[in-house]
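Chains as they are written, first to last, in this note's numbering: chain A, 1 to 496; chain B, 1001 to 1410; chain C, 2001 to 2128.
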């Protein structure tokens, strides 16, 4: 059986005290990027996540933007790593076949305060040497005719764009797995303990693991992980962002990523296309004390209002989904990427808020430097930098689709009619590494259920495919693991 | 004459049979599912066919009759075959388990049906656990796949599909805690309120909506509140401890291929404009059934399709003398939106009102001038009503006329 | 005790015979005389009479279908209405039925359910 329950992949059953060189906690974008880069070296690397799929938490519910690098305060780690991240994404998206579009972004100014703000951003951009241009009203409207005509000026950043963050995480993890790394899902870290022999014991709900180095990339939980190691100078609170996804029919409303001039609370609501052609609006910025991923009527109304101010449009008529993500806001107003102050061998990547997705490759490189302080790294000779997803038929010429269907007729059987996903494609992501094992992990890999009917047509059919291919009873098929069961089984079971 | 019918539901089967009977050389039904019938095989309840067959049939029985006609009339049926691209020159590109097929028929009849509006279309706030399904999806899982979908259920939307799904789940042993309806009147037929809810003591909460979905993995509860003037009334929230939320909040024509043909989509039907033969502004391209607008009865779906099927064969092209029909005050939907003039048969016009009208008059007007009028009693938004046009009224319509259909209450 | 003339019961319900859904007003006087108002056709009056004396419903459900390549369930219905208060008993009997292909519309899958003189019949043809 190629695919297992998803608890581990790329490895056999977990030995009681398996020993690693580096364990990365958290398979979000930062952990995935570090995983991929560490797997270039002759190391035993393990990536852990508490959830049922890679993709983390904030990494799968964010704005899906590669930021231009003009926003963070020059001299901060955020600023440096944002810029470095953009450069690396150029290369990585090609090596790992991740969808990206360098659309450019516009920050709109509507009043004197906004103009002062985009002027400041302009100077930031110049200082850190990322390309920025100050555009007047006419040029702004020429580039983006649908924006609120009261716009007075804008800041244009050509080297920024949109990316598929799910695909990015899957590809990075896939690349690491392909180069010898290991992955364990549904694995919650409870404690980090420094052992007398220098190793760190990583205690989990699946037993204890031993490692020389731990990279804490646990997102919202990063401060909690630090505390289990006795490190309590840092805290994190969640900042919720709510979003709308709109139908592809209106995906071309804007060409660029459209922002409002930022306020102290953040970058505000943006209007953007996604790499799949949908329109995305959001986020809110709500500081919470506890993680709460619910959308709210007020939050969604705020998103609509904010988007309508930037680009007047009847968004609600074209809505297909809403979601909320939590950004990890640290008690220090910068990324924390450094050695633990109390436990040798622990490296923290914490407080990774926006622009974390953009900066992730830069963060990964910084983490490699920190690992070098502790371990001797030797490059693998056979490292393969390339990763390819199984074929996505809607992106292939008809002759290639025809060839695939002849090899496997299920590539001709359409399951998701909105996004045109075939049974063959779904089966292929159940077999890829990292494997999909449930409805949502299929969605993140091939977009079945992500279209305008949101799975109304294909969910029942995918339940059958998951049940058959993974040998699960119907009530074991889930939306995202654990008890997220889609149905309660056969409705005639137990009847004589 | 080669007619391709996209979709093998009631509309597609009726269109194909009528095209074949009208003398088409070759008729192909392209159906993406593994069976003919569209949504009918999952609609195991009765209430179909009273007009079309003069009998009260269940959905599967209605489908069987059409399927028997299809089998008897040497129509080709392609199953598991989905049109993935439709070009304005009528070329259809079809994905099948045998490969990618290209066909270029003389006429295309889109009988593509509708899709259900999902949770995201009405932006119900809250968590995103498993256990939120549209009514049609729930029906498919219960009746076709044989799944137990939920044990404790709440239904949002009192359209017929919502009411029937509530009863079906109750019959399967689920506890249905209630059905909420945003409007102050039920969306579905009165008899369905009686036999689906009252018979099973399922509460109907009018002017209520679901304000939040709760649950981290599977649905654990829904919050329901009263609505007044489009706003929830504070203090009226109730929590229903359910594991399943079923949504019956509207259907939209599946118009993607129609859009690909370059046809403009009308905001009030969600599909292309058609004339009384269900022909679009592209000659030889037809849209029938729920693909052209949402009908309340499958009888009308089948009827609209058979009109198109025979027209596609008998009349190539289209009359250039057209008038336009638009929904006026109090009318949400009018079908058809074009009238081909000078035809031998007087066209039938259907409309759907925006809100219930106990007694009223429907008027077909050209500017200030009333072309035709008809009194109605008991018009409901859930039901498509027919406006009877008389011969002399039809003949009085001139090419280029912009007619409005509106309703007035005394 | 109320006045003698008020020895009647009045009922209001919706006719379910056809999609029109007339609101029926039924009064039952002392001598069990039944008067129906609101029906737009004779079937409505007939329905009102049974609804007052012995309410009945057709029942539809599914049974397990075996041997088919594409289908797991066969839709079925009662060929006559059953007493309303026995619907769940009937459904429970239907739940126990298993049928093999081929099966045709109208085939009896359960005879004389609960001795009610009602058969459960297939509403779909499944050849294979």
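The C-beta atom is built at its ideal place from N, Cα and C for all residues, glycine as well. All values reported here derive from a predicted model rather than from experimental measurement.
- The three-state secondary structure of residue 184(A), taken from DSSP, is strand.
- Under the 10 Å beta carbon count, residue 2031(C) is surrounded by fewer than 16 other beta carbons and is classified as exposed.
- Residues of chain A with a Cβ closer than 8 Å to the Cβ of residue 1098(B) are, in chain order, 405, 409, 412.
- Within chain B, 1141, 1147, 1148, 1149 have C-beta atoms less than 7 Å from the C-beta of residue 487(A), given in sequence order.
- Secondary structure at residue 1393(B): helix, using DSSP grouped into helix, strand and coil.
- The beta-carbon of residue 2120(C) is placed no less than 8 Å from the nearest beta-carbon of chain A.
- Taking 8 Å as the cut-off, the Cβ atoms of residue 104(A) and residue 256(A) count as close.
- Residue nearest to residue 254(A) within the set 229(A), 212(A), 307(A) is 307(A) (criterion: CA-CA distance).
- For residue 461(A), there are no neighbours in chain C by C-beta distance under 7 Å, as the nearest C-beta there is about 12 Å away.
- The residue among 56(A), 333(A), 418(A) with its C-alpha nearest the C-alpha of residue 185(A) is 56(A).
- Under the Cβ criterion of 8 Å, residue 431(A) is not counted among the residues facing chain C.
- For residue 21(A), the enclosing beta strand (DSSP E) covers residues 19-25.
- As for any alpha helix (DSSP H) of minimum length 4 sitting wholly inside the region 297-380 of chain A, the runs are 297-310, 356-372, ordered along the chain.
- Apart from the 5 residues on each side of it in sequence, residue 316(A) sits with its Cβ closer than 7 Å to the Cβ of 304 in its chain, given in chain order.
- Boundaries cannot be given for residue 1261(B), as no alpha helix (DSSP H) includes it and DSSP labels it neither H nor E.
- Taking the C-beta atoms as reference points, residue 24(A) is found no nearer than 8 Å to residue 200(A).
- Counting only Cβ-Cβ distances below 9 Å, residue 468(A) has no contacts in chain C at all, with the closest Cβ about 13 Å away.
- CA-to-CA, the gap between residue 1192(B) and residue 2018(C) works out to about 10 Å.
- Per DSSP, residue 94(A) is one residue of the alpha helix (DSSP H) stretching across 77-95.
- Fully contained in the region 1305-1371 of chain B is no alpha helix (DSSP H) run of length 4 or more.
- The C-alpha of residue 403(A) is placed about 50 Å away from the C-alpha of residue 1385(B).
- Among the residues facing chain C, residue 1046(B) is included, as its CB has a counterpart in that chain under 8 Å away.
- Pairing residue 1267(B) with residue 116(A), the inter-Cα distance amounts to about 42 Å.
- For residue 2105(C), the neighbours in chain B by C-beta distance under 7 Å run, in chain order, 1061, 1064.
- Scanning 1027(B), 1018(B), 1017(B), 1023(B) for the CA closest to the CA of residue 1002(B) turns up 1027(B).
- At a cut-off of 8 Å between beta carbons, residue 2095(C) contacts chain A.
- At a cut-off of 8 Å between C-beta atoms, residue 1058(B) counts as an interface residue with respect to chain C.
- Taking C-alpha positions only, residue 1087(B) is separated from residue 1403(B) by approximately 31 Å.
- Contact annotation for residue 2064(C) against chain A: 492 [CB-CB distance below 7 Å, chain order].
- If you draw a straight line from the Cα of residue 1118(B) to the Cα of residue 452(A), it is about 8 Å long.
- Distance from residue 1219(B) to residue 1177(B) at the Cβ level is roughly 12 Å; contact not present, criterion being Cβ atoms closer than 8 Å.
- Taking C-beta atoms as the reference points, residue 2050(C) and residue 1034(B) fail to come closer than 8 Å.
- Rounded to whole angstroms, the separation of the alpha carbons of residue 60(A) and residue 259(A) is 20 Å.
- Listed along the chain, the chain B residues whose CB falls inside 9 Å of the CB of residue 2082(C) amount to none; the nearest CB is some 12 Å away.
- Residue 1034(B) reaches chain C at 2070, counting residues in chain order whose Cβ is nearer than 7 Å.
- In this chain, the beta strand (DSSP E) harbouring residue 1047(B) covers 1046-1048.
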